[in-house]
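Enquirer: Take a look at this one; I'll ask things after.
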Amino acid sequence: MGKKLKEESLDSVDSSEYGEPAQYDPTFNGPIRKRGCTDIICCVLFMVVILGYMAVGILAWLYGDPRHVLYPRNSTGMFCGIGLNVAQPSVFYFDILKCATSINVMAAVLNGLQCPTTQVCVEKCPDVFWALNPLAYLPEAKPQDYFNKSLCVPSFDLASTKLNVKEIVDQELCPFFYTPTISVLGRCIPDVTALKNIPNDFVNTPGLPSSINDTVNGIRNATGDIVNGFNAKEIGVRIFEDFASTWQWIIAALVIAMVVSFLFLLLLRFIAPVMVWVLIFGVLAVGAYGIYHCWWEYDNYRKSTVSITDIGFTTDFKVYLQVKETWLAFLIIISVVEGILLLTLIFLRTRILIAIALIQESSKAVSHMMSTLFYPLVTFVLLVVCVAYWGITALYLATSGIPVYKVVTLNSTQGNCGQIGGNVTCDPQTFYNSTDYSWCPSARCIFIKYNNEGLLQRNLFNLQIYNVVAFLWCINFVIALGQCTLAGAFASYYWAFSKPSDIPTFPLSQAFIRTLRYHVGSLAFGALILTLIQVVRIILEYLDHKTRAAQNPCARFLMCCLKCCFWCLEKFIKFLNRNAYIMIAVYGKNFCVSAKNAFMLLMRNIVRVVVLDKVTDLLLFFGKLLVVGGVGVLAFFFFSGRIRLPGSNFRTEMLNYYWMPIIVVVVGAYLIAHGFFSVYNMCVDTLFLCFLEDLERHDGTMQKPYYMSKNLMKILNKKNKGPKKGKGKD
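The sequence shown begins at 9 in my numbering and counts up by one.
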């Protein structure tokens, strides 16, 4: 049967335009001629949320100042690396250990918080150990002969000052010592590795103040996180050098992974039956060997007088392998599993054949629509845009408001410094040039927080929540858009009566436009349901984190059950949404009707669903193993120097860590294989639902012919009736 039969029997309905079966549908009392917009209310709500999301981003951009996080500040509140301090990109802390008096050191310097010690912008972090010469405290000593002017407070004139060295040190106008430091995100952090190389007899020199000894020893005993951070930076530099010398080969390996994935999917139409049966019988063979091995071990220990009751409970599990009861239990379990697999294979062989035929048909569909394999790149780009917008908006919101500075004292026992209560605000631009607090040399103007008095600032928390919810909704919508678009493209393949002549010219583009034109509301509806569940899971995780220390075992058990239930619910909703989007792409109905029809259709064919799912998972797992394992082994032999390409200048000795490019290749190959196989998996699911619809709605007559392939009709013992039966079909 060709186009003529289809046009005569189906009232000339153009299936390629709508991506749907042109057939008589008793549910809707007539042929489906055209689509209409679905779930309009949810579409309008989604558009309103997007507009609100854009408004939040604009407000955050207008009032936020990410420089507070991206750039360090000196004691006057000026940023280092920009403006007047463009030549001084790093901030130097006179005594960084004072940052740890109230907050963690790394949190202070990396999150932009001011530490209660003088900070100055410097061109380069000091990389040597220096301490003020004890002779500098003599009355006739000149400060400019002993201090490093580049590390003093910029507004302090070292040459013309009338202050003596002790007064300069007490007011922290110049550092009286510093240790080797390195720049981390613009902050001069102690180089713990260099500190370890400072001789103890030098640090404990009798002339040095005890505070220097205590500070250096304190920094030496810094937390393991800081030490690991410095080591990580050095390792990161070496890794970057490895990438710079191997990026061409990494790209070549990823191209090989892409080609292998592509060829594997195309060859499935020819090798799928062989691969499936080989894998199935391979699993059975492994089970048979397991039975033999367990029997052999059981026979060896059968005469042993030691039983499992004599051993009792022990953490040394090797002991349990030396008693016959263990191997007898293994023998029984593996035998039962093997028997179940054999019975399943015998009674479900027809459904396995159907699954193989659908996999072959999916490979044909992909070969006719090569562009679908690269659609995950579109989804990836859209996801990157969503993540970037969320991150930038969150950063700007977090830095909204004017910074609040307050006067604090570094030494409350010095003079009258104890009178400073900590509630007096100050301006760091003018504080250090004024004499208001001359009676307290240790008074400092320190950043406390951002102003939360304005309307925007009072609602920052609510705006951050809105940012997260809108972000999750957009992410889920982008994923839903990709699934519905691919389903529409593959559905147009299945419902093309004469393949490939009836397949639309640009099936993927048509499906994408059709989805955006008619079904934004339905996709937003499904994405909203999934978003609400994810928000509940986030709330549960937050509550669990905050109350973990105070929970009793019963409360922790209930919290664990709630988290598990919502995790399962999220997985179920993802499964339901995926199949609902397929039905939306096929019939163009709203989300609820499509979800209901898809769920009921799958429940009526639950055995076929399970068989197809497991067979497909087995094949795709083998495919991923083939791609990732093959490319990974090839990368290992190449980067480790075991194989060399003729004419190549690459040598393993050029690398600091030859395993790093191997890891990158393996991870990249997995992502590439996952991207290709996710499209293929969507194709299998779409064709499967179309096949079930075809089987239930049609009977092979001239009025209701089957759209399935001849191979599927042969397996099911079906055929199209009429004078031209089978003509024009694949």
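Glycine included, C-beta positions come from ideal geometry on N, C-alpha and C. As the structure is a computational prediction, the values presented were derived from the model and not from experiment.
From this set, Lys132, Phe155, Leu385 and Pro151, which residue's C-alpha is nearest Trp138's C-alpha?
Expert: Per the Cα distances, Phe155.
Enquirer: Could you check the C-alpha separation between Tyr474 and Tyr61 for me, to the nearest Å?
Expert: So the two alpha carbons sit approximately 8 Å from each other.
Enquirer: Say whether chain D places a C-beta atom closer than 8 Å to the C-beta of Val374.
Expert: Here there is only one protein chain, and chain D is not present.
Enquirer: I need the straight-line Cα distance from Val393 to Leu489, nearest angstrom please.
Expert: Each residue's Cα considered, the two are about 15 Å apart.
Enquirer: Determine the DSSP secondary structure at Ser509, reduced to helix, strand or coil.
Expert: Coil.
Enquirer: Looking at Gly640 and Val674, is the spacing between their C-beta atoms short of 8 Å?
Expert: Contact: yes.
Enquirer: Are the Cβ atoms of Ile487 and Tyr501 separated by less than 8 Å?
Expert: Not in contact: Ile487 and Tyr501 (Cβ atoms no closer than 8 Å).
Enquirer: CB-CB under 6 Å to Val130, same chain, minus the five flanking residues each way: which ones, in chain order?
Expert: Same-chain partners within the cutoff: Gln96, Ser98 and Phe100.
Enquirer: So, for Leu356: in the same chain, excluding its five sequence neighbours on each side, which residues have a beta-carbon less than 8 Å away from its beta-carbon?
Expert: Closer than 8 Å at Cβ, skipping near neighbours: Val615 and Val619.
Enquirer: My output table needs one value for Pro74: the three-state DSSP class, helix, strand or coil.
Expert: In the structure shown, Pro74 sits in coil (DSSP, three-state: anything other than H, G, I, E or B).
Enquirer: Given this structure, state the Cα-to-Cα distance separating Leu276 from Ile367, to the nearest angstrom.
Expert: Between Leu276 and Ile367, the C-alpha separation is close to 7 Å.
Enquirer: What is the DSSP secondary structure of Ile90, counted as helix, strand or coil?
Expert: Coil.
Enquirer: Where in the segment 460-539 do unbroken runs of the alpha helix (DSSP H), each at least 4 residues long, occur, reported from the N-terminal end onward?
Expert: For the segment 460-539, whole alpha helix (DSSP H) runs of length 4 or above, ordered along the chain, are 463-466, 468-502 and 515-526.
Enquirer: Identify which residue in Met283, Ile49 and Tyr79 has its Cα closest to the Cα of Asp625.
Expert: The option with the nearest alpha carbon to Asp625 is Met283.
Enquirer: What is the rounded straight-line gap between the Cα of Asp740 and the Cα of Val636?
Expert: Summary: the structure shown does not reach residue 740, with the chain confined to residues 9 through 738, and so no result is reported for it.
Enquirer: Is it true that the CB of Leu271 sits closer than 8 Å to the CB of Phe684?
Expert: No, the pair does not count as a contact, with Cβ atoms beyond the cut-off.
Enquirer: Mapping the DSSP letters down to three states, classify Ala139 as helix, strand or coil.
Expert: Three-state result, Ala139: strand.
Enquirer: Considering only residues of the same chain and omitting the five flanking positions on each side of Tyr186, which have a CB-CB separation below 6 Å?
Expert: The answer, listed in chain order, is Pro134 and Trp138.
Enquirer: Under the rule that 16 or more other beta-carbon atoms within 10 Å means buried, what is Met690, buried or exposed?
Expert: Its Cβ being crowded by 16 or more others within 10 Å, Met690 is buried.
Enquirer: Looking only at its chain, what residues have a beta carbon closer than 6 Å to the beta carbon of Thr254, apart from the 5 residues adjacent to it on each side?
Expert: Only Pro669 meet the Cβ criterion.
Enquirer: Mind the definition here: the segment 326-339 touches the segment 295-309 only if three or more C-beta pairs lie below 8 Å; say whether that holds.
Expert: Short answer: they touch.
Enquirer: Is it buried or exposed, Val56, if we count other Cβ atoms within 10 angstroms and call 16 or more buried?
Expert: That one is exposed.
Enquirer: Just the C-alpha distance for Val345 and Ala337, rounded to the nearest angstrom, thanks.
Expert: Going by the C-alpha atoms only, they are around 12 Å apart.
Enquirer: Alpha carbon to alpha carbon, how far is Met86 from Ser408? Give it in angstroms, no decimals.
Expert: Those two C-alpha atoms are separated by around 17 Å.
Enquirer: Which same chain residues end up closer than 6 Å to Tyr7 when comparing Cβ atoms and leaving out the 5 residues on each side of it in sequence?
Expert: Lying before the first or after the last residue shown, residue 7 is absent from the chain, which here runs from 9 to 738.
Enquirer: Have a look at Cys492 and Asp707 and give me their C-alpha separation to the nearest angstrom.
Expert: Distance between the alpha carbons of Cys492 and Asp707 is about 28 Å.
Enquirer: So if DSSP puts Gln196 in a beta bridge, which residue, or which two residues, is it bridged to?
Expert: The amino acid occupying residue 196 in the given sequence is Cys; Gln does not appear at that position. Its beta-bridge partners are Ser191.
Enquirer: Cutting at 6 Å between CB atoms, please list the residues of its own chain near Met114, excluding the five before and the five after it.
Expert: Its pLDDT being 37, under 50, Met114 is placed unreliably by the model, and the measurement read from it follows with that caveat. Cβ within range, chain order: n/a, list empty.
Enquirer: Between the beta-carbon of Ala499 and the beta-carbon of Ala363, is there less than 8 Å?
Expert: No, Cβ-Cβ distance for Ala499 and Ala363 is not below 8 Å.
Enquirer: Identify which residue in Ala261, Ile279, Ile342 and Gly290 has its Cα closest to the Cα of His301.
Expert: Measuring from the Cα of His301, the nearest candidate turns out to be Ile342.
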